[in-house]
Amino acid sequence: MGRLQHAIDLPPALRVWRWLFPGSWSSGPQAPERAVVHASGGAPLRILLLGGSIATGYGVATQDLAIAGHLARQLATRVGRGIDIDVVVERDSTIAGALALAATVDLRGYDAVILSTGVQDALDGASARWWVAQLAHLVARVRRDAALPVLVLEVPTPSRLMPLPLVSRLYADARARRLNQALRPVADAARGVHLVEMPIGPQLDPDRFHSPRTYAAWARPIVDGVAPILLALDIAGAGESAQPPRLAPRGPALHDERHRLRALSDTGVLDSDRDDRFDRIAAMAQRRFATSHASIAFIDGAGHRFKSTRGGGHGALPRGASLCDWTIRTDAALVVFDAALDERFAHAPLIIDGARLRAYAGYPIRSPGGLPIGTISVSDAAPRHFGESDIVFLRDLAHLVEKLLADRSEA
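For the sequence shown, position 40 matches number 40 in UniProt numbering, and the numbering has no gaps at all.
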């Protein structure tokens, strides 16, 4: 009721402008609403960027060029770790829209959540009391499913983001200030919630709406607020060399399998012709690790399907016999120094028969929407050690494959 009533109370200039020019400020290019961006480095942090507002990606064609890409790269430099940001945003998203988006996301495996919302609510004239109540529901929803740190971005000044008539600019900017004033005490009182100030400057390229250079500048104050919080988090894995993960004997549960299989099908990769680019990436992996085998594979409902292999293939594999099936369940690298001494794999067919694999390192390949659909892996018949720099390289190759998949989806 609060949002509807205040939308009715919009000043006439803003109502007329929005009626005459619906979405005019956002009519140019827009990055995909669901995407994954990466910045190279060891012990990667996985972050969810949820909502809309400044995170939507107006004016650019990819999230790598938008605020998400610049956040990932600048944060990686600041915290000294790899950064993976899953972007889940919606055009013209309100706080109610962010609540609906949160319900679609599996929050397991994230290290932190960044919430970006409020601009559309300021334009709509939303009540500050109603808005912070909805935000509290959103934070509770996120922390109910996973006790994650939640970093809430302040509502940016709307007139910095879009052209507005004078009266409308004054009104919307004042509304944004009210939302931020109401937000501060709520964030201070909530456990695990951190308010990130966002004093964004003017657009740097007046002849272009939301250029990459502007997004890079806007990302800096956000990084200034987010990086100390991430550095203070006690997240396991920072600075450690690669070690075999401690997994339950049967492996952790997958994300929603129905959605995962749909995401795999949507890439079209299983039914596509041979692509030399996949072969070149697999060859890079084999050369770097000097292993007897390297592969790029995708896991469908029946089993393990190779897209490229180097050093001989293992043929079609049922999922239960595949170390790659374990890899897509880990949300990170799966590293096995000596499978014969690992109780999880000592009796697997590939260990005791056929290729007799002993060492394995694999990294998940994700769909454009962020779901694990395949792996890039290397393996050897002799035990061996994989260090942190090896895993960083394997992760970077996985991201190359993901870029190929994204390019195919956009073609």
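Even glycine gets a Cβ: it sits at the ideal position worked out from N, Cα and C.
As a beta-bridge residue in DSSP terms, T375 pairs with A297, P364.
Cα atoms of W326 and L151: separation of roughly 31 Å, rounded to the nearest angstrom. Between A339 and L357, the C-beta gap is smaller than 9 Å, which places the two residues in contact.
With fewer than 16 other CB atoms across the displayed protein chains lying within 10 angstroms of its CB, Q181 is exposed. 9 Å or more divides the Cβ of L161 from the Cβ of I222. For a cut-off of 8 Å, the C-beta gap from E402 to R366 is around 6 Å, short enough to register as a contact.
Scanning its chain for C-beta atoms nearer than 8 Å, with the 5 sequence neighbours on each side dropped, one finds around A103 the residues R141, in chain order.
Residue S93 holds the alpha-carbon nearest to the alpha-carbon of S53 among S93, I83, A66. By the CB criterion at 9 Å, G374 and I328 fall inside the cutoff.
Between G311 and A297, the C-beta gap is not smaller than 9 Å, which leaves the two residues out of contact. Nearest Cα to G57 within the set E90, A43, Q74, V392: E90. Looking at A219, P372, L231, the one whose alpha-carbon comes closest to that of I200 is A219.
Rounded to whole angstroms, the Cβ separation of G82 and R395 is 7 Å, and the two are in contact under 8 Å.
Taking S272 as the centre and dropping the five residues before and after it, the same chain places no C-beta closer than 6 Å to its C-beta. Here DSSP, grouped into helix, strand and coil, assigns T157 to coil.
In the same chain as R184, and ignoring 5 residues on each side of it, the C-beta atoms closer than 7 Å to its own belong to L195, in chain order. Counting of Cβ neighbours within 10 angstroms places A263 among the buried residues, the total reaching 16 or more. Only exposed fits H385, as fewer than 16 other CB atoms lie within 10 angstroms of its CB. Rounded to whole angstroms, A176 and R258 show a C-alpha spacing of 40 Å. Using a Cβ-Cβ distance cut-off of 8 Å, the region 62-77 and the region 33-43 are in contact, since at least three pairs of beta carbons, one from each stretch, lie closer than that value. Classified as exposed, V167 has fewer than 16 neighbouring CB atoms from the shown chains inside 10 Å of its CB.
Minimum Cα-Cα distance from L101 among the listed residues G80, R280, D124, L49 corresponds to L49. From the listed residues A126, D64, R178, A361, the smallest Cα separation to A96 is found for A126.
Annotation for V132: A182, L183, V186 place their beta carbon closer than 7 Å to its own, counting only its chain and skipping 5 residues before and after.
For H194, the enclosing beta strand (DSSP E) starts and ends at 193-196.
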